[in-house]
Every structure is written in structure tokens, then in C-alpha cells.
Amino acid sequence: MEAITTYTLEECIDHIGLGKYQWRLMAILGFCSMADAVEMMLLAILGPAITCYWPTVTKVQMAALTTGVFAGMMIGAFIFGIIADKYGRRRVIIISAVLNTIFGIFTAAAPNYYCVLLARILVGFALSGASQGSTLMLEYLPSSTRATIIIVSGLFWSLGSIFEYVMGMIIVPSYGWRLLTVLSALPITIVAIFMYFVPESPRYFVASGCPEKAEHVLKAIASTNKRSLPEGKLHDVHAQDECGSIKHLFHVNYKRTSFLLAFMWMTVAMSYYGLVLINTSIITLFDNEHELIKNTSTIKPSQCKMLTTKDYQSLIFTTFGEMFGIPLLLFFLAFFGRRIVCAINFSCASFCFLSFLFISHTKPWIINIITFLARMFISSQFSLVYLYTMEVYPTVIRAIAIGCASSMARIGAMITPFLAQVLIKHTFHGTIAIYTIATAIAAICAFLLPIETRGRELKVKLNLLWDSHLSFVCHHSHERVPQDNYIIDYPRTSHRYQQQYRLHESPPAFEESSPSYDISVNQIRRQKLPIFTSIRTTPITTNVEQSSPTMTSSIHSTMPPSYAEIFLTPYTLTNR
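In terms of the working numbering, the sequence shown opens at residue 851 and continues consecutively.
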């Protein structure tokens, strides 16, 4: 019987490559990112405007307005993450866009501060679904261009921020904040219309057990890119794992990663939005001679200051730092892994925050330059931590991972208004010290991440082994299996575990004679059997297929980080 040729989803997407289909999708989802940025940057303008519109609004209430948005995003990110894993990324983006338009217009019609606060909480809830746009984009990209495209798409966020500042500079002085709020809610409506014509991710279809639908989408991508599908049939029918379950984020393979990423997400959001708000807060801390007021506690809560044209220009200038951060990030990623670059970005951002402590009696342009550099590093770090999170988790929990990570980011963002808008009025140096220490700790967390995703294919399913014992069963087959067919996975394990099963006697040598049998070793149950490998890590899951007991050279290239030897007998696989 002739064997049927098959190909995996990763092989198919890599074979089709980057083309017109992905560029169209990038334009649509990039516009979604722009619309998201427009709503978020509105916070920097809305606070001072409402404080002057309703003079009874205090600094704490103004900070609560920003915190309310992030509180809504924290709740929504978790809920939309579960929905995206169970029902698809596309539906979440459409629902998010429609709700955002409704609540944005409701903000403009609010009769008092408390209605505005409620409306902005609902806007934050709706906005949280937009983060699934990055997940959808990632799942359409070939592995060779994945990092570059995701990072370059960060330009859309910067363009949206600049667009909002320009609109604020033109509209608020003449027409007020209500018109600006309405216009800021309209771009996301266009996203909902465009997303109606975008198909669901093929990776989602495969993970949810619908390979036929995935193959249909792949044919559409290949047709648009003027490429053909690989020969054979899509063969990515995995046993369906429980999609969208938060408990899998704390699986033994991901627990350490999840905790470290949680703090990194919280810090990067706190720092990014802190820089946006600090920039406008520092403006109000300067007197006519442009010196920083030493006794900032003399500022009254009711005192308001509308942003001037010069203030808007300062915001626009510092936003350009985000654009310069993208080529710098791509340069670093060409030479270093994700973890090292994360640590570099956080370290540089920490140094920039530290520099704020020495600007007490300097000119404002120094502050703009420091903010420019800080936003360059923090913005590129935001893009990188998004990329790393999407790469490190498998498809079945990728959306819930992004949702939970986004929720942690909103916790940091909820804290930052009280630091950058309230505490800074009382202790400037204390506020900056908090940001400096937080980013320094985040740099250490980045360095301690256990998994490097550079050059690694996107995982689809979970490895649900909850212990570190090796499980094998040996099947003897009379049909010859193609030679050099090895499938080996090496997660990190402790040195103590490696020593526990170290081989105490020399393993048998290979016979040079012709083989009389073939061996297929597959993991199906927990059973301690020996395996010998001269590598620094111990496999939790090892699948080996070999048609001959003769050692071949190809196995050396498949077993990082050094060479390895596997001795196969009906009973031998010993760890060393």
C-alpha cells in the first residue's frame, strides 16, 4: 500500500511564504492597532481637559479616570482571551470594535464626571479585545519573517499616537474634548467592517480539530500569494487539548515563564504609560523660567492647565522615539536572542528613568530628549514582550496567555496614574525611583526566562506530562521505517534530576552487522527506562524512530546543544 504524503501546518505556511495576503492582513490589523492607540493616547489629553471643564475634579479623580480605563482592560483581556481560544480571534476583534465605538460615543455625551468614568471603564473593557489582532497576525506569518513583521507593525501604534496628538492640538482649543472623543471612537468602526472579510486563523482551526477548514484557508492564502500548497494532505490533527484553560499557563513546562512574564508585562505597561503621563505632568511642574518647582506640594488640587500647542509638539516629538526603537530592536534581534534583548531594553529604560533625577534645574528640551530615549526602549520592549509571549505558548492557550498577560499589564497601567499624576506632585524623586527600580528588576526577570523562542516553530498542542519521568514502550515492527527519522524534544530540567538517573555502567555498543529488526519507541505511559545522552539537559518527552541500530551522523544535528549517542536494544535507553 502506497504511503500518503503529508505536511504540517508550519511547513505549509513556510512553503506559501510572505505575500500579498499577509500584506493585506497587516494593513487591516495595523489600522486596528492605530485605532487602539488613538483611544489610549486620548488619556493624556482628556485628563487636563476635564479638570478644566469641571473645576471640582481633583487630581485623584483625574488619575482614577485613567485607572478606570485600565481596570476595564484588565477584566476584558481575561474574558476576551478565553473567548478567542474557544470561538476564534476574528470574532473577538469584531465584537471589541463595535463595543468600543458605542462606549466611545457614550463618553462624549456624558453629563458629569462619574458618567465619563463609567464610560471610560467600558471603553477599556472593549479595547482589550483588540490585542488579539497581534495573535491573529502572528498565526498567518511564516517563521522566517515572523519577528520582523510583528515588530515593524508597531509603527502603526506610533502613527495612531501621533494622529491623536495632532487632532487634540487642532480640535480641543477650538471645539473642546467632546468632539475629540467622538472622532477618536470612529476609526475602530472601520476595523469592524474590514474584519468581516478576514477569515479565521488556520492555526485556530487545527487546534480546535477542524483541519478541513484550515486547509480551505490555506488554499485561499496560496491563491492570493500565487503559490501552490505542498504536495500531499495537511496532517496536523492533534488530540484536542482543552482550549482556553488558564491552568495550563501554570503547567510544569510554563510555570516559571508565566510568573516572570507577568512581572515583565506589568512593568512594561507601567513604564510606557507612565512616560506618557509623566511628560504632561512635568509640563505643569515648570514655572515661567522653566525650572522644576522644588516644593511641588504647593500646587492646589483645583489648579488646571490646558495643554498648549507647544505641549502637543513635545508629545509628538517624544512619540517619534517609538519609531526609532523599531530598527534598533531589529538590529539587536539579528545578533541576540529574545531574552537578552529584553534584558537590554529594560536596563536602558531604567538608566533613562534614573537620568530624570538629575534634571531639577535644566531646560525642558533635556526632558524631551530623555523621554524620547526612554520611550524608544520601552516601546520596543512592548513589541518584543508581545512577540515572545505569542511564540512561547502553544496555539491552544496562546490567546488566553495574551489575555492574562494583558491583564497583568493593566495592573501596572492602573498603578501608574497615581504615580505619574498624583505622587509626582508631592515627591518627584520618589516617583522616578519607583520606575527605575521596577525596570531594573524586570531586566533581571528577562534574563531568567527559561525558554528561548528564537528560530523555534510555533507549538500547536500542549505537552501535558505533569512529572519528569520518562515513558516508553518498545514496539518491534517487521516493516522498515525510513532511516534517520528522529523526533526529539528537550525542555529544561534540573541538574539534580539528571544525576538521579545517571548511568552506572557502560551501555552496550552498536553492532555493525545488518539489522534484523526495526524499533519504534513512543511515549504512552510512565515507566522508568534507561536512556544515554551526552547532553546538558534531560528529555521529558523523547520520541525516537530508527530503522537500523547503526549510528548515523544526522542525529548529531538534531540534538542541541552538543552531540549525543543513543543505544537501542529491546530494553535499553539510559540517561547519563
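Beta carbons: idealized from backbone N, C-alpha and C, even for Gly.
Counting C-beta atoms within 10 angstroms of its own C-beta, Y1285 has 16 or more neighbours from the protein chains shown and is therefore classed as buried. In the structure shown, L879 falls within a helical segment according to DSSP collapsed to helix, strand and coil.
For Y1054, the enclosing alpha helix (DSSP H) stretches over residues P1052 to A1057. Beta-bridge analysis with DSSP links L967 to no other residue. For K1069, the uninterrupted alpha helix (DSSP H) run begins and ends at P1061 to T1074, by DSSP.
Bridge partners of T1239 according to DSSP: none are assigned. Take L977, set aside five residues on each side of it, and the residues of its chain with a beta-carbon closer than 8 angstroms to its own are D886, E889, M890, V919, G922, M923, G926, S946 and N950, in chain order. Annotation: the continuous alpha helix (DSSP H) that includes E861 extends over L859 to I866.
In this model, V1056 and F975 are separated by some 29 angstroms (Cα to Cα). The C-alpha of C1192 is placed about 37 angstroms away from the C-alpha of K1076. At least 8 angstroms separates the beta-carbon of F1222 from that of A1199.
Sequence-distant partners of E1172 (beyond 5 residues in either direction) whose C-beta falls short of 6 angstroms from its own C-beta, in its chain, are S1008, R1225 and S1229. Exposed is the label assigned to P961, since fewer than 16 other Cβ atoms lie within 10 Å of its Cβ. In this chain, T855 is not harboured by any alpha helix (DSSP H), its DSSP state being neither H nor E.
Here K1309 carries a coil assignment [DSSP, helix/strand/coil].
One thing to note: K1309 has its Cβ no nearer than 8 angstroms to the Cβ of T1074. Between F1232 and V1118 a beta carbon distance of about 5 angstroms is seen, short of the 8 angstroms cut, so the two are scored as contacting. Residue P1267 holds the alpha-carbon nearest to the alpha-carbon of V910 among L1298, I1021, A1288 and P1267. Beta-carbon to beta-carbon, M1045 and R940 are separated by about 6 angstroms, close enough to satisfy the 8 angstroms threshold.
Rounded to the nearest whole angstrom, the CA to CA distance from C1202 to L1068 is 46 angstroms. Bridge pairing for K1083: T856 [DSSP]. Note on geometry: alpha-carbon atoms of V1235 and I1000 lie some 11 angstroms from one another. The shortest CA-to-CA distance from F928 to any of T1277, G1305, I1166 and I1252 is the one to I1252.
A1035 is positioned such that its CB atom lies no closer than 8 angstroms to that of Q982. The three-state reading of DSSP puts A1193 in helix, counting H, G and I together. Where M1019 is concerned, the enclosing alpha helix (DSSP H) starts and stops at G1004 to Y1025.
Remark: fewer than three beta-carbon pairs, one from each stretch, lie closer than 8 angstroms, so the segment 952-970 and the segment 1004-1022 are not flagged as touching. In terms of CA proximity to H1279, I1209 leads the group I1265, I1209 and V1032.
Take C1295, set aside five residues on each side of it, and the residues of its chain with a beta-carbon closer than 7 angstroms to its own are L1110, F1113 and M1114, in chain order. In this structure, the straight-line span from the alpha carbon of M1120 to that of I971 is close to 18 angstroms.
With contacts defined by Cβ atoms closer than 8 angstroms, I895 and M912 do not form a contacting pair.
For the options G938, K936, I943 and V973, the alpha carbon positioned closest to that of F953 is the one of V973. A straight-line Cα-Cα distance of about 39 angstroms links C1060 and I955.
If you compare the alpha carbons of S993, L1033, I1012 and L868 with that of I1021, the shortest gap goes to L1033. Across the set I1274, S1197, Y1123 and E1302, the C-alpha of Y1123 shows the shortest separation from the C-alpha of R1260. Counting only the Cα atoms, A1255 lies some 27 angstroms from A1064.
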